[in-house]
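A short worksheet on the structure shown next.
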Amino acid sequence: MNLQFNFKRALSIAKKEKFHIMRDPFTLTMATILPVLLVLIFGLAIEFNVKDIGLTVHDSDRTFSSRKLVEVFSSSQYFNINPSRGSIVDAINDLDSERSKASLIIEPEFEHNLLAHGNTKAQFLLDGADNSTAGVILGYLGGIQKAANFKLTGTLVKEPIELKTRYLFNPELSSPWFIVPGLAVVVIAILSILLTALTVAREWENGSMELLLSTPVQPLEIIIGKLIPYTVIGLAAVLLVVLVAILGFGIPFAGNIMLFGIGSLIFLIACLAQGMLISVLIRTQQLSMQIAMVTGLLPSLLLSGFIFPLESMPKVFQNFTSILPSKWFMIISRGIFLKGADFIDLKLPFLGLFLLCSILIITATKKFKKDLEP
Amino acid sequence: MKLLNFVTVLGFLKKEFVQVLRDPRMRIILMVIPMMQMSVFGLAISTEVKNIKLGTIYNPNDSVFRRIEERSFSSKWFIPAIGRGTLNDLNSDPLEQIRSGRADAVLISPPGGITKAIERGEGTVQLLIDASNVIRAQSIERYMQSIINEVIRDEFHIVAPTPINFDVRILYNPALESAIFMVPGTMAMILCIVTILLTSMSIAREKEMGTFEMIISAPVKTWEVLLGKTIPFILIGLINAASIYMLAIIVFKVPMKGLYWQLAMATLAFIITTVSIGTLISTFAKNQQQAMMGGFIFLFLSNLLAGIMFPLDNMPLIMKTAAYMNPMTYFVKLLRNIMLKGGSPELVWTYVGILVAMAMFTATVSYKRFHHTLD
Numbered sequence: 016m017n018l019q020f021n022f023k024r025a026l027s028i029a030k031k032e033k034f035h036i037m038r039d040p041f042t043l044t045m046a047t048i049l050p051v052l053l054v055l056i057f058g059l060a061i062e063f064n065v066k067d068i069g070l071t072v073h074d075s076d077r078t079f080s081s082r083k084l085v086e087v088f089s090s091s092q093y094f095n096i097n098p099s100r101g102s103i104v105d106a107i108n109d110l111d112s113e114r115s116k117a118s119l120i121i122e123p124e125f126e127h128n129l130l131a132h133g134n135t136k137a138q139f140l141l142d143g144a145d146n147s148t149a150g151v152i153l154g155y156l157g158g159i160q161k162a163a164n165f166k167l168t169g170t171l172v173k174e175p176i177e178l179k180t181r182y183l184f185n186p187e188l189s190s191p192w193f194i195v196p197g198l199a200v201v202v203i204a205i206l207s208i209l210l211t212a213l214t215v216a217r218e219w220e221n222g223s224m225e226l227l228l229s230t231p232v233q234p235l236e237i238i239i240g241k242l243i244p245y246t247v248i249g250l251a252a253v254l255l256v257v258l259v260a261i262l263g264f265g266i267p268f269a270g271n272i273m274l275f276g277i278g279s280l281i282f283l284i285a286c287l288a289q290g291m292l293i294s295v296l297i298r299t300q301q302l303s304m305q306i307a308m309v310t311g312l313l314p315s316l317l318l319s320g321f322i323f324p325l326e327s328m329p330k331v332f333q334n335f336t337s338i339l340p341s342k343w344f345m346i347i348s349r350g351i352f353l354k355g356a357d358f359i360d361l362k363l364p365f366l367g368l369f370l371l372c373s374i375l376i377i378t379a380t381k382k383f384k385k386d387l388e389p
Numbered sequence: 037m038k039l040l041n042f043v044t045v046l047g048f049l050k051k052e053f054v055q056v057l058r059d060p061r062m063r064i065i066l067m068v069i070p071m072m073q074m075s076v077f078g079l080a081i082s083t084e085v086k087n088i089k090l091g092t093i094y095n096p097n098d099s100v101f102r103r104i105e106e107r108s109f110s111s112k113w114f115i116p117a118i119g120r121g122t123l124n125d126l127n128s129d130p131l132e133q134i135r136s137g138r139a140d141a142v143l144i145s146p147p148g149g150i151t152k153a154i155e156r157g158e159g160t161v162q163l164l165i166d167a168s169n170v171i172r173a174q175s176i177e178r179y180m181q182s183i184i185n186e187v188i189r190d191e192f193h194i195v196a197p198t199p200i201n202f203d204v205r206i207l208y209n210p211a212l213e214s215a216i217f218m219v220p221g222t223m224a225m226i227l228c229i230v231t232i233l234l235t236s237m238s239i240a241r242e243k244e245m246g247t248f249e250m251i252i253s254a255p256v257k258t259w260e261v262l263l264g265k266t267i268p269f270i271l272i273g274l275i276n277a278a279s280i281y282m283l284a285i286i287v288f289k290v291p292m293k294g295l296y297w298q299l300a301m302a303t304l305a306f307i308i309t310t311v312s313i314g315t316l317i318s319t320f321a322k323n324q325q326q327a328m329m330g331g332f333i334f335l336f337l338s339n340l341l342a343g344i345m346f347p348l349d350n351m352p353l354i355m356k357t358a359a360y361m362n363p364m365t366y367f368v369k370l371l372r373n374i375m376l377k378g379g380s381p382e383l384v385w386t387y388v389g390i391l392v393a394m395a396m397f398t399a400t401v402s403y404k405r406f407h408h409t410l411d
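What follows is the structure, given as structure tokens:
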């Protein structure tokens, strides 16, 4: 392998690529503005605190107590009561047709049992299809039960020992604080992979690659030269996203901004190099694009730890996710943003990111070299 | 004059199939990768919170606290924090443990131990949680609360009186498994990506290569070109759908309570919609790069605004409106409703109707724009 490298030649490639990018203002605008836009939109849209849960109430008891119980639900600000449309069957049909997420069925003996035996029951049917929402609703139900006990019987249910929770780094459990630093990683990862995935393939399809090959320029110089302008664009996008996170969402930037900058740089280059590798290997734009989307979009969204916890995955998949640059930068981004982690805390993710970045660039160069020889 | 010449359309179909499937790598991408993705995501993704690294700070003589610790680690939720040996002593800094990522949560005993606190009738167990992941933080608190309640009940036989009780029944997914909920969502995502990308790139490619001019100069009608260009992708999408569904039902044991024809109808309506959207994108794009950008914007927005990863009900009104203009939203709801709940006819017909309307609308707009490009 010839790793000859002349910086001047790499720069001329960069210059050529710059012209190419400037000629297509649509793509340039998209590359810089889109990350901020998407982070802004979804930062505002995503909310994990479940509210306004549709609850169908079927009250066959119609007593003071049963009405009081319904009132506890309606005044809890979590539930929206949908009155039953007649029979108990409707209370279940409402779940089938997704009019409601849950149904409360109060049997005729509700108040009688409470007064006669000091102990009564109401049925709560819950749509468990969406397991995470169902989990949250079950969590609310504990509080509702406590409130109902107090309101209906005056009994204050007190646990013998109280658990006092302190939420660190995000005391109000704000969803944007959690979403934005992660979403930034996802958006930038996908865009970077897509940006470079077509560059080399396009030159092969258009025939300009043959021209390039007839010059003394070396593979590594082409790769580095092509990476430079996209890295600049990517850094601009990162900067905009960080500004929106801090100024727009009021997320505290607890850590060192320099460390974050270095991390972003390595991450960007790794993702761009991933796209470049695809482009070098595939040589046709349509297929490159398919592969870029397959390796970029869904893995960054689903396997990077953005929403779905890596810790819950089977060991094999946990190890598998280590080949994704976005997994490592996810840890770095959230760590620096919210926890103020320093380099010592993050040495493993930094090492992982650096290794991936080097491997991707070297492989792209190597594969490129093979292509040069007829 | 005939409205539609089937021979012409058939010729186009053939050309398009040959063009897409000529590259053996493309065949693999189209047929094998969706199933691979489906398997990886089906097996890997879980919204259940597990393997929480728990640190504990307590006096070693506190037997009740030790019971809480033991029960935590024997549950499937908690594992010991990294380097816990040093954590056990009362002087270690819990904040530092969490900040450095060695622990996700630290449980701290009340001064003097739990037994004394209960005798005194007051005292709190403190739980510090890393809340940088909001979902995880809430689950950790819920789990810990239930473990502490259980241990206290067993050790002290204190049962808090609760006159009002709920008899909770969880329908459709009683074990609250995330795979059952997530698999239909990932199926929709995979189908959407394949069809949108193929269609949008294919026409943009002809424009870039200049072969589009040849099509224009040939004696064919817009409808014929359009059908010839889209039917292959609809077929590929349907084949993909069938293989993914088989995988989901046979391997991932996602229940299939509804009727297969309902599923087929919903899938066909959805795929026609996405293929039309792909065509629409390609009428705007000058080259493949722009088609890709357009495709990406649509895919990203539609994937995130479909109620797959984030519940739609909690979103602000504008985003909710956008989500209900997204065909994926209806398709995901249809898949879940048909597969998990057996398909409520009311919902299935309404949503399939909406999808068909969307398909007709986008197809008409693409036809108009396509016609315009041709002239």
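Chains U and R are the protein sequences, given in the same order. Using our numbering, read the first sequence as starting at 16 and increasing by one per residue. Using our numbering, read the second sequence as starting at 37 and increasing by one per residue. Glycine included, every Cβ here is placed at the ideal spot set by N, Cα and C.
Counting every other CB atom within 10 Å of its CB across the protein chains shown gives R/L376 a total of 16 or more, marking it as buried. Looking at the DSSP output, R/Q162 shares a beta bridge with U/K179 and R/I144. Taking 8 Å as the threshold, the shortest C-beta distance from R/D190 to chain U does not fall below it. Looking only at U/L242, U/G240 and U/V85, the smallest Cα-Cα distance to U/T71 is reached by U/V85. Here R/T319 has S402, R405, F406 and T409 as same chain residues with Cβ atoms under 7 Å from its own Cβ, once five neighbours each way along the sequence are excluded. DSSP lists R/I115 as the bridge partner or partners of R/K89. By the 16-neighbour rule on beta-carbons within 10 angstroms, U/R100 is exposed. Within chain U, no C-beta atom comes less than 7 Å from the C-beta of R/E186; the nearest is roughly 11 Å away. Rounded to whole angstroms, the separation of the alpha carbons of R/N201 and U/F125 is 11 Å. Beta-bridge partners assigned by DSSP to U/T71: U/N97 and U/S118.
For U/L339, there is no enclosing beta strand (DSSP E), as DSSP marks it with neither H nor E.
About 6 Å separates the Cβ atoms of U/L43 and U/I36, confirming a contact at the 8 Å cut-off. The C-beta distance from U/I28 to U/G240 rounds to 3 Å, short enough to meet the 8 Å contact threshold. For R/V170, the closest Cβ of chain U is nearer than 8 Å. Put simply, the backbone Cα of U/G367 is about 42 Å away from that of R/G149. Taking the Cα positions, U/S373 is about 8 Å away from U/A285.
Contact of U/R77 with chain R is not assigned, every C-beta pair being separated by 8 Å or more.
Rounded to whole angstroms, the gap between the alpha carbons of U/S190 and R/N87 is 22 Å.
In the DSSP assignment, R/V204 falls within the unbroken beta strand (DSSP E) covering I200 to L207. Contact between U/P329 and R/L79 holds: their C-beta atoms lie close to 7 Å from each other, under 8 Å.
Rounded to the nearest angstrom, the Cβ distance from U/V151 to U/A199 is 25 Å, too far for a contact under 8 Å. Here the C-alpha atom of R/L262 lies approximately 19 Å from the C-alpha atom of R/G330. Along the segment 132-144 of chain R, the positions whose C-beta sits under 7 Å from a C-beta of chain U are I134, R135, S136 and G137, read in chain order. The Cβ of U/L318 sits closer than 8 Å to at least one Cβ of chain R. The segment 89-106 of chain R and the segment 306-322 of chain R do not touch, with fewer than 3 CB-CB distances between them shorter than 8 Å. No Cβ of chain U is located within less than 8 Å of the beta carbon of R/F53. Here R/V68 is exposed: its Cβ has fewer than 16 other Cβ atoms, across all protein chains shown, within 10 Å. Put simply, the segment 60-78 of chain U touches the segment 93-112 of chain U. At least three CB pairs are less than 8 Å apart. U/A137 carries a strand assignment under DSSP once its states are collapsed to helix, strand and coil.
Each residue's CA atom was taken as its position, placing U/R38 and R/Q162 some 60 Å apart. Judged by beta-carbon spacing, U/I238 lies beyond the 8 Å limit of U/A144, meaning their Cβ atoms are not closer than that value.
The beta carbon of R/A277 sits closer than 6 Å to the beta carbons of L227 and T303 from its chain, once the five residues preceding and following it are set aside; these are given in chain order. U/G270 and U/R349 have their C-alpha atoms roughly 10 Å apart.
Residue-level contact check: U/E225 does not touch chain R, since none of the beta carbons of chain R fall below 8 Å from its beta carbon. With fewer than 16 other Cβ atoms inside 10 Å of its own Cβ, R/I354 counts as exposed. Nearest C-alpha to U/K179 among R/T198, R/E213, R/I206 and R/R178: R/R178.
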